[in-house]
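Numbering (the working numbering), first residue to last: 188 to 557.
Ideal Cβ placement from N, Cα and C applies to all residues, glycine included.
A quick write-up on the structure given underneath.
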Amino acid sequence: MRVLAAGAAPVNPPPDLAALHAQAFPMLPRALIERAAPYGEEMSAEPGRVLLNSGDREAAFYIVLQGYAEVLEDWGGGAMRSLLVHRDSEFTGSLDLFTDRPNAVTVRANTATRLLRLSRAALEALILAERPLAEIILRAFMLRRIGYLRRRPYGGAILRSVTRGAQEDPVMDLAVIGGGPAGLAAAAYAASEGLQTLLVGGSLSCGDAPGLDMLKGFPGTITGLCEGPLLRRAEDQSKRFGAHVLPLRTVSRFDGACYPYRVWLDDGRLVEARSLIVATGMQEGDSDGVTVQANTAWLDGWLDTDDQGCIHTGRAAAGSMQARDYESSQPGVFAVGAARAGSVKHVLASIAEGAAAVRVVHRFLDASAH
Ligand SMILES: Cc1cc2nc3c(=O)[nH]c(=O)nc-3n(C[C@H](O)[C@H](O)[C@H](O)COP(=O)(O)OP(=O)(O)OC[C@H]3O[C@@H](n4cnc5c(N)ncnc54)[C@H](O)[C@@H]3O)c2cc1C
188 MRVLAAGAAP VNPPPDLAAL HAQAFPMLPR ALIERAAPYG EEMSAEPGRV LLNSGDREAA
248 FYIVLQGYAE VLEDWGGGAM RSLLVHRDSE FTGSLDLFTD RPNAVTVRAN TATRLLRLSR
308 AALEALILAE RPLAEIILRA FMLRRIGYLR RRPYGGAILR SVTRGAQEDP VMDLAVIGGG
368 PAGLAAAAYA ASEGLQTLLV GGSLSCGDAP GLDMLKGFPG TITGLCEGPL LRRAEDQSKR
428 FGAHVLPLRT VSRFDGACYP YRVWLDDGRL VEARSLIVAT GMQEGDSDGV TVQANTAWLD
488 GWLDTDDQGC IHTGRAAAGS MQARDYESSQ PGVFAVGAAR AGSVKHVLAS IAEGAAAVRV
548 VHRFLDASAH
């Protein structure tokens with residue numbers, strides 16, 4: 188437990204916006220661009236050439252080697268609004284690159300521009316193999332996502348409405364259980380897309396969580412991504428966009444026999460939700476400290492898991508030949524991050540899974556509404 192000494196700095200000092208902006212749109216050092224080069228193809232683009240089209244599913248990651256790449260937002264009816272221009276050594280992209288979402292923006296060359304182009308698969312390979320580059324790119328993507336959310340009108344629904352008729356619906360569209368990297372990413376995406384979202388376990392990873400302390404002490408840890416203030420900002424953004432956050436609460440029981448699903452909190456309260464994302468991570472065993480178990484005992488055997496309690500998803504989930512990606516043996520209950528069997532136990536992979544799973548939740552909710 189972290190205890191602040193008398194006179195210590197407040198837990199939430201005001202953010203240094205200039206520094207955050209520089210980290211959201213950093214210039215890559217020459218040496219790191221050289222590390223990235225084998226993963227991509229160098230290309231030239233004439234002025235006006237479109238590199239990425241808003242709405243298309245084909246996406247790529249670009250590092251500007253020389254010239255200017257402009258990012259534009261589609262305002263409908265053919266109107267475009269310029270958001271920013273990437274210059275030499277900067278890079279395009281956002282967390283959406285790790286999901287199957289269509290491109291949110293258009294990117295085009297402003298002048299004769301030289302670029303390094305990486306496919307989605309190549310970017311994933313780079314992130315897993317090149318840690319210094321991964322730190323810079325993933326931190327920038329997270330900060331860009333947070334900035335993007337801030338620009339949207341409060342509660343703006345992209346895909347679904349948060350209210351049904353005149354009344355607020357007491358049943359949540361989605362309950363996200365666990366406030367680590369995977370759960371925070373899921374809650375931020377879901378709330379920004381208009382799903383009525385509850386995050387249980389917010390703040391747990393923002394300073395006091397044992398897992399975070401362990402992570403901070405681990406050699407080579409991606410501290411920039413895991414540090415409390417960034418996660419707390421992600422949590423704050425989830426709240427601003429309508430997510431209900433229950434900090435420092437845990438879920439103690441799940442009932443899969445009824446629909447909407449029911450989960451009970453450790454203070455006895457009951458939550459009803461049409462879908463669930465389980466992002467409760469793993470922890471060392473109580474008795475020996477060596478074995479590692481997923482934090483899924485509260486699911487009480489309702490989901491198919493492996494020996495460590497990690498939740499089987501997709502085709503690996505028992506009796507679920509039709510299961511969607513991230514979907515467990517229970518329709519509408521999804522698992523992401525370390526608690527998911529077969530996941531890459533990595534902060535970056537957890538963030539990507541949290542973001543990607545929301546897309547699948549939309550599909551489930553849309554299908555079950557008909
Ligand atoms: C010692 C150690 C070192 C590591 N080093 C690295 C590294 O260098 N780089 C790297 O990328 N990864 C590293 N990892 C792995 C990384 O920590 C995980 O892959 C990542 O944190 C998983 O994210 P997550 O959101 O799935 O789970 P977590 O980060 O574990 O978050 C789960 C959250 O859910 C909460 N929770 C648990 N049970 C409940 C419940 N019943 N109700 C509500 N909330 C609950 C937890 O308190 C926690 O806040 C390390 C892990 C360990 C243990």
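Nearest to residue i (by Cα), restricted to the options the options
{"i": "residue 365", "options": "437, 326, 446 and 378", "result": "437"}
{"i": "residue 443", "options": "521, 479 and 374", "result": "521"}
{"i": "residue 452", "options": "387, 546 and 239", "result": "387"}
{"i": "residue 537", "options": "466, 461 and 279", "result": "466"}
{"i": "residue 552", "options": "519, 526, 534 and 543", "result": "519"}
{"i": "residue 359", "options": "260, 555 and 384", "result": "384"}
{"i": "residue 293", "options": "263, 319 and 308", "result": "263"}
{"i": "residue 488", "options": "498, 512 and 448", "result": "498"}
{"i": "residue 530", "options": "291, 469, 486 and 316", "result": "469"}
{"i": "residue 295", "options": "324, 267 and 493", "result": "267"}
{"i": "residue 299", "options": "288, 274, 282 and 280", "result": "274"}
{"i": "residue 445", "options": "461, 276, 456 and 260", "result": "461"}
{"i": "residue 433", "options": "456, 448 and 447", "result": "456"}
{"i": "residue 372", "options": "449, 447 and 286", "result": "286"}
{"i": "residue 447", "options": "514, 235, 454 and 357", "result": "357"}
{"i": "residue 209", "options": "288, 235 and 324", "result": "324"}
Own chain residues within Cβ distance below 8 Å of residue i, not counting five before or after
{"i": "residue 272", "result": "255, 256, 257, 258 and 297"}
{"i": "residue 284", "result": "246, 248, 307, 310 and 328"}
{"i": "residue 512", "result": "500, 501, 543, 544 and 547"}
Residue span of the beta strand (DSSP E) that contains residue i, given as start and end
{"i": "residue 461", "result": "457 to 465"}
{"i": "residue 441", "result": "438 to 442"}
{"i": "residue 259", "result": "256 to 261"}
{"i": "residue 364", "result": "359 to 364"}
{"i": "residue 250", "result": "247 to 253"}
{"i": "residue 229", "result": "228 to 232"}
Buried/exposed call for residue i, threshold 16 Cβ in 10 Å
{"i": "residue 330", "result": "buried"}
{"i": "residue 368", "result": "buried"}
{"i": "residue 555", "result": "exposed"}
{"i": "residue 546", "result": "buried"}
{"i": "residue 322", "result": "buried"}
{"i": "residue 233", "result": "exposed"}
{"i": "residue 481", "result": "buried"}
{"i": "residue 524", "result": "buried"}
{"i": "residue 476", "result": "exposed"}
{"i": "residue 346", "result": "Low confidence applies here, because residue 346 scores a pLDDT of 29, under 50, leaving its location unreliable; read the following figure in that light. Exposed: under 16 other Cβ atoms inside 10 Å."}
{"i": "residue 280", "result": "buried"}
Distance between residue j and residue i (C-alpha atoms, nearest Å)
{"i": "residue 312", "j": "residue 362", "result": "31 Å"}
{"i": "residue 464", "j": "residue 379", "result": "16 Å"}
{"i": "residue 314", "j": "residue 302", "result": "19 Å"}
{"i": "residue 310", "j": "residue 226", "result": "7 Å"}
{"i": "residue 527", "j": "residue 540", "result": "10 Å"}
{"i": "residue 238", "j": "residue 253", "result": "15 Å"}
{"i": "residue 381", "j": "residue 243", "result": "22 Å"}
{"i": "residue 290", "j": "residue 240", "result": "7 Å"}
{"i": "residue 532", "j": "residue 503", "result": "18 Å"}
{"i": "residue 458", "j": "residue 440", "result": "10 Å"}
{"i": "residue 216", "j": "residue 435", "result": "40 Å"}
{"i": "residue 395", "j": "residue 485", "result": "Its pLDDT being 38, under 50, residue 395 is placed unreliably in this model, and the value from its coordinates should be taken loosely. Near 22 Å, if we compare the C-alpha coordinates of residue 485 and residue 395."}
{"i": "residue 265", "j": "residue 496", "result": "51 Å"}
{"i": "residue 494", "j": "residue 213", "result": "43 Å"}
{"i": "residue 278", "j": "residue 251", "result": "6 Å"}
{"i": "residue 450", "j": "residue 377", "result": "19 Å"}
{"i": "residue 514", "j": "residue 288", "result": "18 Å"}
{"i": "residue 454", "j": "residue 483", "result": "18 Å"}
Own chain partners of residue i with C-beta closer than 7 Å, once the 5 adjacent residues on each side are dropped
{"i": "residue 207", "result": "330"}
{"i": "residue 320", "result": "219, 222, 223 and 313"}
{"i": "residue 304", "result": "227, 228, 230, 247 and 249"}
{"i": "residue 211", "result": "327, 330, 331 and 334"}
Beta-carbon proximity list for residue i, same chain, < 6 Å, skipping 5 on both sides
{"i": "residue 505", "result": "491 and 516"}
{"i": "residue 370", "result": "363 and 466"}
{"i": "residue 478", "result": "472"}
{"i": "residue 317", "result": "222"}
{"i": "residue 510", "result": "501 and 504"}
{"i": "residue 282", "result": "328, 332 and 542"}
{"i": "residue 276", "result": "214 and 215"}
{"i": "residue 270", "result": "258 and 260"}
Residue i: first and last residue of the uninterrupted alpha helix (DSSP H) it sits in
{"i": "residue 553", "result": "534 to 555"}
{"i": "residue 376", "result": "368 to 379"}
{"i": "residue 222", "result": "217 to 223"}
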